[in-house]
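Novice: First the structure, which I've put down as structure tokens, then a few questions once you've had a look.
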Ligand SMILES: [Zn+2]
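In structure tokens form, the structure reads like this:
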């Protein structure tokens, strides 16, 4: 599930690999993957890749005066391959074939087709609804006042921090790490944080930068499909907390789970799933 650190390293590696490459042709085997129709994908032919960057959790590939804004959702991957995809490759969603024989491929694993892309004028990316509505980037951490305003909402921190309109880049994995780092309960309300807690939470965003540094060391020029995510709390229920040794707990709801250290984050309370589902309503 790619979040800010994973998209950042993806954008950096793709930027290094693709700058200056020229598009031969582009097509979208994925049904409904393109959310825009004008300009058509064919307009990319002959365009040169200028750079690859990201907004929140969305990579953007700039080609000539156009830009491809991509949302990988939970199972999408964006990678460069030396050879073209087989027409039988059912994971292919968007294929951008380069004149040098390589191919930039948006793929998606699993049966659901959720990943999407928009082809836009490069100078109108910032105005696109998905970009314009993003909150401040979670990394580098915003200034105290900006962050304090972003989290000053009467909502639980777990969904609040994952809301891209509040703050951009955090998802289900890194929210657990950030809250653990800040020693805050996932169910504390954003608007109940005092100034010291806001600052602790803001400083905890450094785990995102730490993850990017980790990827810089661990990931070579070629991106693997599965990045070595340096998670210490998320999905570690049953293991000792790396800081205090207390057993990490999990609460489950809907399609995902939250992990936390009860000693340091919830005043010793172990949260029941039943309680959680009630709280989230
Ligand atoms: Zn602990």
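Numbering (this note's numbering), first residue to last: 145 to 425. By construction, the Cβ of each residue, glycine as well, lies at the ideal position given by its N, Cα and C atoms.
1) With burial defined as no fewer than 16 other Cβ atoms inside 10 Å of the residue's Cβ, what is the status of residue 414: buried or exposed?
2) What separation, rounded to the nearest whole angstrom, lies between the Cα atoms of residue 419 and residue 344?
3) How big is the Cα-Cα spacing for residue 372 and residue 362?
4) When you compare only the Cα positions, how much space is there between residue 397 and residue 186?
5) What are the boundary residues of the beta strand (DSSP E) that includes residue 347?
6) Would a C-beta distance cut-off of 7 Å place residue 395 and residue 334 closer than the cut-off?
7) What span of residues does the alpha helix (DSSP H) with residue 151 cover, start to end?
8) In the DSSP assignment, what are the bridge partners of residue 252?
9) Under DSSP, the alpha helix (DSSP H) around residue 290 begins and ends at which residues?
10) Would you be able to state if there are at least three C-beta pairs under 8 Å between the segment 214 to 228 and the segment 242 to 253?
11) Buried or exposed, going by whether 16 or more other CB atoms sit within 10 Å of the CB of residue 211?
12) Assuming residue 349 and residue 293 make a contact with CB atoms under 8 Å, what is their CB distance in whole Å?
13) Between the Cα of residue 405 and those of 399, 416, 388, spot the shortest distance and give me the residue it belongs to.
14) So, does the segment 233 to 245 touch the segment 272 to 279, judging by three or more C-beta pairs under 8 Å?
15) Hey, out of 180, 170, 313, whose CA is closest to residue 189's CA?
16) Measure the Cβ-Cβ separation of residue 287 and residue 311 and say whether it is below 7 Å.
17) Pull the bridge partners of residue 213 from the DSSP assignment, please.
18) Let me confirm a value: residue 291 is counted as buried when at least 16 other C-beta atoms fall within 10 Å, else exposed. Which label applies?
19) Quick check: does the Cβ of residue 408 come within less than 6 Å of any heavy atom belonging to ligand 1?
20) Ordered along the chain, which non-local residues of its own chain (more than five positions away) have a Cβ less than 6 Å from that of residue 194?
21) Would you tell me roughly how many angstroms separate the C-alpha atoms of residue 366 and residue 161, rounded to the nearest one?
22) Using DSSP with H/G/I as helix, E/B as strand and the rest coil, what is residue 367?
23) With DSSP as the reference, please indicate the residues paired to residue 321 in a beta bridge.
24) Check whether the Cβ atoms of residue 228 and residue 209 sit closer than 7 Å, and answer yes or no.
25) Would residue 146 and residue 213 be called neighbours here (beta carbons separated by less than 7 Å)?
26) Would you report the Cα separation of residue 377 and residue 267, rounded to the nearest angstrom?
Specialist: To lay it out plainly:
1) exposed
2) Confidence at residue 419 is low in this model, with a pLDDT of 47, below 50, so the placement of that residue is unreliable and no value is reported for it.
3) 8 Å
4) 43 Å
5) No beta strand (DSSP E) contains residue 347, which is instead part of the alpha helix (DSSP H) from 339 to 348.
6) no
7) 148 to 162
8) 220
9) 288 to 295
10) yes
11) buried
12) Between residue 293 and residue 349 the Cβ distance is about 15 Å, and since that is not below 8 Å, they are no contact.
13) 388
14) no
15) 170
16) no
17) 204, 262
18) buried
19) yes
20) 206
21) 9 Å
22) coil
23) Residue 321 is not bridged to any residue.
24) no
25) no
26) 40 Å
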